[in-house]
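A.B. asks: Those protein sequence lines, which keep their order, are chains A and B. So for the first sequence, the working numbering puts the first residue at 374; every next one is plus one. So for the second sequence, the working numbering puts the first residue at 521; every next one is plus one. The C-beta atom is built at its ideal place from N, Cα and C for all residues, glycine as well. No experiment lies behind these values; they were computed from the predicted model shown.
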Amino acid sequence: MAKQYETVIGLEVHVELATKTKIFCGCSTAFGGEPNTHTCPVCTGMPGSLPVLNKQVLEYAIGVGLATNCDITRNCKFDRKNYFYPDNPQNYQISQLYLPICRNGYVEIETEEGSKKVGIHEIHMEEDAGKLVHDEWEDSSLVDFNRSGVPLIEIVSEPDMRSAEEVIAYLEKLRLIIQYLGASDCKLQEGSMRADVNLSVREVGAEKFGTRTEMKNLNSFKAIARAIEGERARQIDLIEDGKEVVQETRRWDDTKESSYAMRSKEDAQDYRYFPDPDLVPIIVSDELLESIRAKQPEFRTEKMARYKEEYDIPEYDIEIITASKRMADLFEETVAICKQPKKVSNWLMVETMRLLKEQDMDPEDIRFSPKNLAALIQMTEKKEINSSVAKEVFEVMFNEDVDPVTYVEEKGLKTVNDEGALRRTIEEIVAANPQSVEDYRNGKEKAIGFLVGQTMKAMKGKADPGMVNQILKELL
Amino acid sequence: MDILDLSAVELSAKIKAGEATATEAVEAVFAQIENNEDTLNCYVTMDKEGALKTAEAVQKKIEAGELTGPLAGVPVAIKDNMCTEGMLTTCSSKILGNFVPTYTSEAVINLQKAGAVILGKTNMDEFAMGSTTETSAFGATKNPWNTEHVPGGSSGGSAAAVAANECFYALGSDTGGSIRQPASYCGVVGMKPTYGTVSRYGLIAYGSSLDQIGPLCKDVTDCATIMGIIASHDKKDSTSVEREDTDFTSALVDDVRGMKIGIPRDYFGEGIDPDVKEKVLAAADVLKEKGAVVEEFDLSLVEYAIPTYYTIAAAEASSNLERFDGVKYGFRAEDCEELHQMYKRSRSQGFGPEVKRRIMLGSFVLSSGYYDAYYLKALRVKALIKKAFDEAFAKYDMILGPCAPTTAPKIGSSLSDPIKMYLGDIYTISVNLAGLPGISVPCGVDKNGLPVGLQLIGDCFKEKKIIQAAYSYEQARGKFSLAKEGK
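Next comes the structure, spelled out in structure tokens:
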């Protein structure tokens, strides 16, 4: 009988924090910018420069720790991780080994078998490295330190997950918590959230863990799921063939759907960690802890409960809207202006979701403002534009965040409310289409649709279809 | 009177009184440099043109009443491990032999704001690792009192420049005695402030938790004055301390009545030169006669200071010096085929033997499996040493002793036996380990005519007490002549 295997997975998740400035200097963390323009002596490792901790980094890290039920280390330190690489200007990374800021937490995830706790071993703060640019033509490499010193937190889970689904649920949960905190936008594709998967297999019922591998370069949830399946299969094959799984770091190639070994445990460097003497120990005071606790946002579960109380919208809508902080904020801010929760929810659920999907975008990338969405809703409510014009305007708004009122005005898209003019047009249409009039009078209800269409065409779409129907019926 | 015989404070007063100019001072110093430098080698970089330009600008500001400080217009030499924008900063190492910083260290900026005129950068032991200034990649500095002897180190260039009148005062840095010991060997005043008093921003780190910048100068009045200018709270340095008691000149009072001075018995045991012992104890008697209460006591853990220091300093140095890799600045070995070869060759060729020795030692004590046994243990001993000093300062206002067990050794006699060189740091390094302030004041010469330094050690933030005692001693001692090479 074939043996049954269990997959054991732990995750190391790096999250780039959304601070305006870097972790140890005042340089901007903004993306883009010419190479080495967001730099200073500190983040380029110039001799004599010294790091000073950005307090916001500490506050975000504690915020994430509190939201994931961690113990906050009240007296924590930074350590130096020493290794040579040209993207690392000091040849040591300032990180935390001995006293990380958060420890012993957990998050609850929903699985098919019900809810489950995934333990968090620790969360620590550290700095990102720069970027190497290899010039194949010149046979040289250049380094850009714009990302050097961008703050990261690394969230290390316990080996508590057993399947790709659980891993995705865990990552989704972390992402939501962190997005709700405003601590990061957590985009896997862009690298503001990066997950390394530690995976081993063992026979079902076995107590001891198998030998694990660490998988890197996973840039989407899909890649993570594929990598987990692939690595599980690879390790089982090795075991079934009587070979041993080697403890190593592997790199996933998602286009080939396979991985290759980067380095084995034997090559593991000795990082010679020691407390960074340039940074003083961080004392997390009661006051600081309490002020962060007091500033914690309403997380998704509480938000869903409140929406059920406050807004008359379907539960399914609530689930979708609260699945993104950006979406939920947009919803609440728009409702605050136009007081039409049902309408706002519809725009988000239907048109917004359609366009996001079409353009392969994240809700976090939405550009239009609550003010403009509210204005659009108000215009349709007042019947200043009809629904097809509204959709057209929305699409422009979605892409360029235009002010719908100005746009409608400029493009002359306003519904014609001049009943006299509309009546005259309809009279002309009726006179020009005797066959359809005949058909309608003979009981062919459909014929009126053709006449409405002709009227809308003549009015360039700017008539209120209700009013057109009403006048037509009168005339016929 | 020769302008070079003036102290820094006296010179500034004369400039402000219109009796001398900053330009004259620079000219006089450079005349002296031109006479002596071939023999002494105090400087790595001299910038006469820049200094004359600055002198002119500073002179105008003084005349316009915009610069009124006590050191306005006075030429200064800076140890070559402090970054100076646009001016070569080498740490006396081949690996930084071509390095021109893009910014200036905070302590130097403080001096510039006070109207200092920078003459150039002084020689030192490579990366401040050494006690003789012989490990410099640019040749040893000679002691102006006797050019067959070393000036001490690592701030040997600064100390010798002051002693030889090649500047009016200088900045040095002190990680294990690197200001106080060369001050003692060269017969000048040197002070290592309480850790955190002077910003380390722009000081190229050796042992980050021990490094402090401080003055080397002609007398205690200059010392207190310079201290008042370079001490500042700097938000760019996390270890910088905010303190309001930096009016150090207020301690220039000739009165030691009732001061309690402790002399550690262990400081006068085996290994101390009899002449040094005699001169230092004679200085203690002077303070006693002036009304201080002087008594001997047992300071514990003295013998543990050296291994503790060399473990911690080397560990930090091994990491601090990793950035010198040939990638971004400084020396890069030629004709390398791949990255690791470039790292290895650049560092092998760029660092000298003493620096390599300490990098290896530091890498070893931090390596996995040895960290607890060496580095962590050293940190614990450091805490115990601090405690031993705390207990001493519960009883005494200050501790008195020598700066070094001997006077300046002959050139070439130390490097052959590094352990012996390390042992010479016994009286200075525990002060760095405990973060305390210490001052070195000349207290005589030995039978060979080489200066002996008296060291006064204060409790943290109690610079004023040791300045006051040093000043009182200096008043009783009288003027201490500069080196004969300086004449």
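#1: Could one say the Cβ of LEU616/B lies closer than 8 Å to chain A's Cβ atoms, at least one of them?
#2: How do the region 804 to 817 of chain B and the region 941 to 957 of chain B stand: do at least 3 beta-carbon pairs fall below 8 Å, yes or no?
#3: Compare the C-beta of THR642/B with all C-beta atoms of chain A and state if any pair is closer than 8 Å.
#4: In chain order, what residues of the same chain lie with their CB nearer than 7 Å to the CB of ASN685/B, ignoring the 5 residues before and after it?
#5: Listing by chain order, which chain B residues have their CB less than 7 Å from the CB of THR695/A?
#6: Against chain A, does VAL718/B count as a neighbour if the rule is that its beta carbon must be under 8 Å from one of theirs?
#7: Cα-Cα, which of GLU816/B, ILE733/B, THR926/B, GLY872/B is closest to LEU956/B?
#8: What's the C-alpha gap between LEU970/B and SER656/B?
#9: So what does DSSP say about ALA903/B, is it helix, strand or coil?
#10: Taking only beta-carbon atoms, is GLY417/A less than 8 Å away from chain B?
#11: What residue does the alpha helix (DSSP H) around ASP765/B start on, and which one ends it?
#12: Expressed to the nearest angstrom, what Euclidean distance is found between the alpha-carbon atoms of VAL529/B and LEU772/B?
#13: Taking only three categories from DSSP, how would you classify ILE986/B?
#14: On the criterion of 16 or more Cβ atoms from any shown chain inside 10 Å, does PRO687/A qualify as buried, or is it exposed?
#15: Which one of ASN519/A, GLY503/A, ILE482/A has the shortest CA to CA distance from THR402/A?
#16: Which of helix, strand or coil does DSSP assign to GLU671/A?
#17: Which residues in chain A have a C-beta closer than 7 Å to the C-beta of ALA835/B? List them in chain order.
#18: Any beta-carbon of chain B closer than 8 Å to the one on VAL430/A?
#19: Roughly how many angstroms lie between the CA atoms of ALA990/B and ASP917/B, to the nearest whole one?
#20: Which residue's Cα is closest to the Cα of ASP685/A: PRO714/A, LEU547/A, LEU661/A, ALA701/A?
#21: Are LYS599/B and GLY697/B close, meaning C-beta to C-beta below 8 Å?
#22: Determine whether the Cβ of LEU591/B lies closer than 8 Å to any Cβ atom of chain A.
#23: Indicate the three-state DSSP secondary structure (helix, strand or coil) for GLN732/B in the structure shown.
#24: Can you confirm whether LEU470/A, when its beta carbon is compared against all beta carbons of chain B, has any partner nearer than 8 Å?
#25: Could you tell me the distance, in whole angstroms, from the CA atom of VAL972/B to the CA atom of GLY593/B?
#26: Under a three-way DSSP split, which group does HIS494/A fall into?
#27: Can you tell me the Cα-Cα spacing of LEU730/B and PHE909/B, whole angstroms?
#28: So that I know if they touch, is there some Cβ in chain A lying closer than 8 Å to that of ASP892/B?
#29: Please list the partners that ASN464/A has in chain B, where partner means a Cβ-to-Cβ separation under 8 Å.
#30: Taking three-plus beta-carbon pairs below 8 Å as touching, is the region 917 to 934 of chain B in contact with the region 835 to 852 of chain B?
#31: Taking the straight line between their C-alpha atoms, what separation do you get for ASP805/B and SER527/B?
#32: May I ask you to report which of helix, strand or coil DSSP gives GLY872/B?
#33: So if I threshold CB-CB distances at 8 Å, which residues from the region 745 to 778 of chain B count as touching chain A?
#34: Can you give me the C-alpha to C-alpha distance between GLU762/B and ILE750/B, rounded to a whole angstrom?
#35: My guess is that THR788/A and ASP733/A are in contact by the Cβ rule of under 8 Å, so how many angstroms apart are they, rounded?
#36: Measure the C-alpha to C-alpha separation of PRO595/B and VAL437/A and round it to an integer number of angstroms.
C.D. replies: In short, the structure shows the following:
#1: Sequence index remark: in the second sequence, residue 616/B carries index 96 (1-based). With 8 Å as the cut-off, LEU616/B counts as an interface residue toward chain A.
#2: no
#3: The sequence position of residue 642/B within the second sequence is 122, counting from 1. Not an interface residue.
#4: Residue 685/B sits at position 165 when you count from the first residue of the second sequence. So the list reads LEU524, GLN552, LEU1002, GLY1006, once near-sequence residues are dropped.
#5: Taking the first residue of the first sequence as 1, we reach residue 695/A at position 322. What THR695/A touches in chain B: nothing, since even the nearest Cβ is about 40 Å away.
#6: Numbered from its first residue, the second sequence carries residue 718/B at position 198. Closer than 8 Å: no.
#7: Position 436 of the second sequence holds residue 956/B. The candidate whose alpha carbon is nearest that of LEU956/B is ILE733/B.
#8: In the second sequence, the residue the question calls residue 970/B occupies position 450. In the second sequence, the residue the question calls residue 656/B occupies position 136. Answer to the nearest angstrom: the Cα atoms are 23 Å apart.
#9: Numbered from 1 along the second sequence, position 383 holds the residue referred to as residue 903/B. In the structure shown, ALA903/B sits in a helix (DSSP, three-state: H, G or I).
#10: Locating residue 417/A in the first sequence gives position 44, where the first residue counts as 1. Before going on, a small fix: residue 417/A reads as Thr here, not Gly. Yes, because at least one Cβ of chain B sits closer than 8 Å to the Cβ of THR417/A.
#11: The residue given as residue 765/B occupies position 245 in the second sequence. Segment: none, ASP765/B is in no alpha helix (DSSP H) and carries neither H nor E.
#12: Here residue 529/B refers to the residue found at position 9 of the second sequence. Here residue 772/B refers to the residue found at position 252 of the second sequence. If I take the Cα positions, the gap works out to 13 Å.
#13: In the second sequence, residue 986/B corresponds to position 466, counting from 1. The answer is helix: DSSP assigns ILE986/B an H, G or I state.
#14: By 1-based counting over the first sequence, the position of residue 687/A is 314. When all chains shown are included, PRO687/A counts as exposed.
#15: Here residue 402/A is taken as the residue at index 29 of the first sequence, counted from 1. Residue ASN519/A is the option with its Cα nearest to THR402/A.
#16: For this step, residue 671/A is matched to residue 298 along the first sequence. The answer is coil: DSSP assigns GLU671/A none of H, G, I, E or B.
#17: Here residue 835/B is taken as the residue at index 315 of the second sequence, counted from 1. Here the neighbours are PHE647.
#18: Within the first sequence, the letter at position 57 stands for residue 430/A. Cβ-Cβ to chain B under 8 Å: no for VAL430/A.
#19: On the second sequence, residue 990/B is found 470 positions in, with the first residue counted as 1. On the second sequence, residue 917/B is found 397 positions in, with the first residue counted as 1. Rounded to the nearest angstrom, the two C-alpha atoms are 13 Å apart.
#20: In the first sequence, the residue the question calls residue 685/A occupies position 312. Residue PRO714/A is the option with its Cα nearest to ASP685/A.
#21: To locate residue 599/B, count along the second sequence from 1; it is residue 79. To locate residue 697/B, count along the second sequence from 1; it is residue 177. Going by C-beta atoms, LYS599/B is not nearer than 8 Å to GLY697/B.
#22: Residue numbering aside, residue 591/B sits at position 71 when the second sequence is read from its first letter. Answer no: the Cβ-Cβ gap between LEU591/B and chain A never drops below 8 Å.
#23: Looking up residue 732/B in the second sequence gives position 212. Strand, per DSSP.
#24: Taking the first sequence and counting its residues from 1, the one referred to as residue 470/A is at position 97. Chain B, which has no Cβ nearer than 8 Å to the Cβ of LEU470/A, makes this no.
#25: Position 452 of the second sequence, counted from the first residue, corresponds to residue 972/B. Position 73 of the second sequence, counted from the first residue, corresponds to residue 593/B. Looking at the two C-alpha atoms, the distance is approximately 31 Å.
#26: Here residue 494/A corresponds to residue number 121 of the first sequence, with the count starting at 1. Correct three-state label for HIS494/A: strand.
#27: Reading the second sequence from its first residue, position 210 is the one you call residue 730/B. Reading the second sequence from its first residue, position 389 is the one you call residue 909/B. LEU730/B and PHE909/B: Cα-Cα distance of roughly 16 Å.
#28: Here the question's residue 892/B lines up with position 372 in the second sequence. Not one chain A Cβ lies under 8 Å of ASP892/B.
#29: On the first sequence, position 91 is the one that residue 464/A refers to. Near ASN464/A (Cβ distances below 8 Å), the residues of chain B are GLU842, ARG843, ASP845.
#30: no
#31: The residue given as residue 805/B occupies position 285 in the second sequence. The residue given as residue 527/B occupies position 7 in the second sequence. Using only the alpha carbons, I get a separation of about 27 Å.
#32: Position 352 of the second sequence, counting from 1, holds the residue named residue 872/B. In this structure, GLY872/B counts as coil in the three-state DSSP scheme.
#33: LYS755, LYS756, ASP757, SER758, THR759
#34: Numbered from 1 along the second sequence, position 242 holds the residue referred to as residue 762/B. Numbered from 1 along the second sequence, position 230 holds the residue referred to as residue 750/B. Between GLU762/B and ILE750/B, the C-alpha separation is close to 13 Å.
#35: Stepping through the first sequence from its first residue, residue 788/A is reached at position 415. Stepping through the first sequence from its first residue, residue 733/A is reached at position 360. In fact, because the Cβ distance is near 34 Å, the residues do not count as touching under 8 Å.
#36: On the second sequence, position 75 is the one that residue 595/B refers to. On the first sequence, position 64 is the one that residue 437/A refers to. Going from the Cα of PRO595/B to the Cα of VAL437/A covers about 54 Å.
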